[in-house]
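So for the sequence shown, the numbering used here puts the first residue at 1358; every next one is plus one. We put the CB at the ideal spot given by N, CA and C, even for glycine. Working notes, structure below.
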Amino acid sequence: MDKNTLTGFILIAAVLIGFSYFSRPSEAEMEAQRRQDSIATVAQQKAQMAQEAKEEAEIAHQAQVALDTTSLFYAHRRGEAQNVVLENELIKLTFNTRGGTVQKVELKEYKNQQGGPVTLFDEKDARMQFMLGGKTENINSGDFFFTPINVSDTTLTMRLQASTGGTLDFDYKLLPHSYMIDFTIQANGLGNIFAPSMKTLDIAWNEMARQQEKGFDFESRYSSLTYKIKNEGTDYLSETSAESEKIAEPLDWVAFKNQFFSCVLIAHQDFTEAHLSSTPQQKASGYLKDYEADMKTFFDPSGKTPTQMQMLFAPNNYHLLQHTNKLSASDKDLELEDLVYLGWPLFKWINRFFIIYIFDWLSSLGLSMGIVLLLLTILVKVLVYPTTRKSYLSSAKMRVLKPKIDELNAKYPKPEDAMKKQQETMQLYSQYGVSPMGGCLPMLLQMPIWIALFNFVPNAIELRGESFLWASDLSAYDDVIRWDKSIWLIGDHLSIFCLLFCLTNIVNTWISMRQQQNSMTGEQAQQMKFMQYMMYIMPVAFFFMFNNYSSGLNYYYFLSGLTSILIMWFLRKTTDDKKLLAKLEANYQANKANPNKKMSGMAARLEALQKQQQAILEEQKKKQAQNKK
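Shown next as structure tokens:
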């Protein structure tokens, strides 16, 4: 080794040693890190101990029940768990002989994020157990290994054979071309082991709802434990926080729902004494909610009348759920379509009888969903164009009358003349045939459609997995621009469609504010200058609110904003202020020739209100004058 090489190694070693020395953490930092590591270790150990205790308790329980040779179903205490599959072209159901219930559900026509079929749950995620109270022992279906009989592609009976010769059967029938399963529980020859007064069985149903979509926050927001009260509507537990509720009323069904898929248990003879709970899960856990439902339903120990239920494992498709209502084993109106949330009653009505039909018609044309949303936007804008035009013309009339309003401001400059000035202003508007509120009311009529689409688009399963431009999935946020670490309020990505929506919103705000400023004078104009800064805050707030929303929704709002800009440009270009003023002057001359003509509508109500206020002010002035004397 020559001298230069040796010198180089010595310098490198010195640099490394110096870097290690100067970059080493302080004693306080090392102590804090040790404390944090200790806390994490203790938490991990506690979680591990809790899991081990749970497993040991389960093993002990199984050992105990297996040793109970006096049990009515002793022969079924031990066994080997086996899987039995029922399937049609839509769904694959895997049943397990231990417990005799469904342990895995796969939907064949829908893909998960990895490209495989959507799995709603498997043996790790869900459990359904049925408890029967006997004279000498309580029977829990989860403790036994059932015997599968009468097995076909779509039918299955899970049987427990009692030592006395009787049987307890779980019968399943998968309906053709459907996601619905008929399910009955029937006792045969077991009447002597149950109390004569026994009329119900207990159901314990639990599911850890899987995260199926890309955006955890957005999917969790639209996931809820939903239930249908008999002879009433549907209700649900909180989507954002843990909630537990005891339901006094009988229920038609209970659903464990996420954004696009639901697991539903439907009662033929009602669910009673239901205790429902929903607990949100942590991000990155792979789960959205921990759902639990404990309830009772009818049971006939004699076996004369079976306990009838139905199971539904289905996509939240509005028309599919409407059709599924007809497959009900009872004559109840199940209203399963309410699993697709369409908003409050007014917005639900707009979606149900207007938006959904237009959307379905456009979808039937075989177009991409991006084009469908574009055409939907155009159709909606065409339908509301008359109100948009009326609103614009009202503002334009105010704009061309601005010089005359300025004259009134100059005529009444004093604050004490404000009421008189306002009265003459309203008189002027009336004479020229202008309504000050004419620009607001037509725009307010459009708001229900805007809000209805806000509820419809995120719940439209037709958008799930559909790509358009840079968005790989219109039901999730577009994240072409993303980074590793999450940033407060923004997250780990930048939605381009959200950014475009907010930019068009800013432009629309600018156009609206400019239009209003051109028609305002005096104090109103000064107040509007202040308000415009407040109005610009909203588009910025929308960016932080909608960055995690579905790209389909942001895309629609962007298109809506862009078409609004184009419509305003078109109206401005096609409106001749001189002709409009001439028309208003003609109105003025006609009204001037008929001085006895009374105001109508909003102008009349405003005039009456101003007269009342003027009378009150004059009365106050009289009292003040008397007090001075």
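- With fewer than 16 other Cβ atoms from the protein chains shown falling within 10 Å of its own Cβ, Ala1552 counts as exposed.
- Following the DSSP letters along the chain, one finds Gln1779 inside the alpha helix (DSSP H) bounded by residues Ala1775 to Tyr1789.
- C-alpha of Lys1705 to C-alpha of Ile1550: approximately 51 Å in a straight line.
- Lys1683 has its alpha-carbon roughly 23 Å from the corresponding atom of Lys1465.
- Under the Cβ criterion (8 Å, minimum of three pairs), the stretch 1480 to 1494 counts as touching the stretch 1558 to 1575.
- Per DSSP, the continuous alpha helix (DSSP H) segment holding Ser1921 begins and ends at Ser1908 to Thr1931.
- If you look at Arg1709, you'll find it isn't in any alpha helix (DSSP H); DSSP assigns it neither H nor E.
- DSSP lists Phe1452 as the beta-bridge partner residues of Val1441.
- In this structure, Leu1810 is the residue among His1680, Glu1444, Leu1722 and Leu1810 with its C-alpha nearest to the C-alpha of Lys1738.
- Residue pairing from DSSP places Ile1623 in a beta bridge opposite Trp1610 and Gln1667.
- Taken in chain order, the complete alpha helix (DSSP H) segments of 4 residues or longer contained in the stretch 1789 to 1863 are 1798 to 1813.
- Pairing Gln1803 with Ser1721, the inter-Cα distance amounts to about 26 Å.
- Residue pairing by DSSP places Asp1647 opposite Met1565 and Thr1636 in a beta bridge.
- DSSP places Thr1514 in the uninterrupted beta strand (DSSP E) bounded by Thr1512 to Gln1518.
- Here the stretch 1710 to 1720 does not lie against the stretch 1641 to 1658, with fewer than 3 beta-carbon pairs under 8 Å apart.
- In this structure, Phe1628 and Leu1608 form a Cβ contact; the two beta carbons are roughly 4 Å apart against a cut-off of 8 Å.
- Counting other Cβ atoms within 10 Å of its Cβ, Thr1458 reaches 16 or more and is therefore classed as buried.
- Rounded to the nearest whole angstrom, the CA to CA distance from Ala1650 to Val1442 is 25 Å.
- For Leu1719, the uninterrupted alpha helix (DSSP H) run begins and ends at Ile1713 to Ser1720, by DSSP.
- In this structure, Val1814 sits away from Asp1934, with a CB-CB distance that is not shorter than 9 Å.
- Here Ala1432 is not bridged, per DSSP, to any residue.
- By the Cβ neighbour-count rule, Ile1448 is buried, with 16 or more other Cβ atoms within 10 Å of its own.
- A straight-line Cα-Cα distance of about 58 Å links Ile1838 and Leu1525.
- The Cβ neighbour count for Leu1846, taken over all protein chains shown within 10 Å, is under 16; the residue is labelled exposed.
- For Asn1495, the pairing in a beta bridge is given by DSSP as Gly1490.
- In this structure, Gln1543 lies near Thr1664, with their beta-carbon atoms less than 9 Å apart.
- In the structure shown, Lys1761 adopts helical secondary structure according to DSSP, grouped into three states.
- The C-beta of Trp1610 has 16 or more other C-beta atoms within 10 Å across all chains shown, which makes the residue buried.
- Boundaries of the beta strand (DSSP E) around Glu1466: Val1459 to Lys1468.
- If you check the CB distance, Phe1901 and Leu1910 do not come in under 9 Å.
- With a cutoff of 9 Å on beta-carbon distance, Phe1503 and Thr1541 are scored as not near each other.
- By the C-beta criterion, the stretch 1583 to 1598 is judged to be in contact with the stretch 1625 to 1643, since at least 3 inter-stretch pairs fall below 8 Å.
- Counting along the chain, the unbroken beta strand (DSSP E) around Ser1601 starts and ends at Glu1600 to Ile1604.
- Cβ-Cβ separation between Leu1429 and Thr1521: approximately 7 Å, consistent with a contact (criterion under 8 Å).
- Between Ser1908 and Asp1835, the CB-CB gap stays under 9 Å.
- In the DSSP assignment, no residue is bridged to Met1555.
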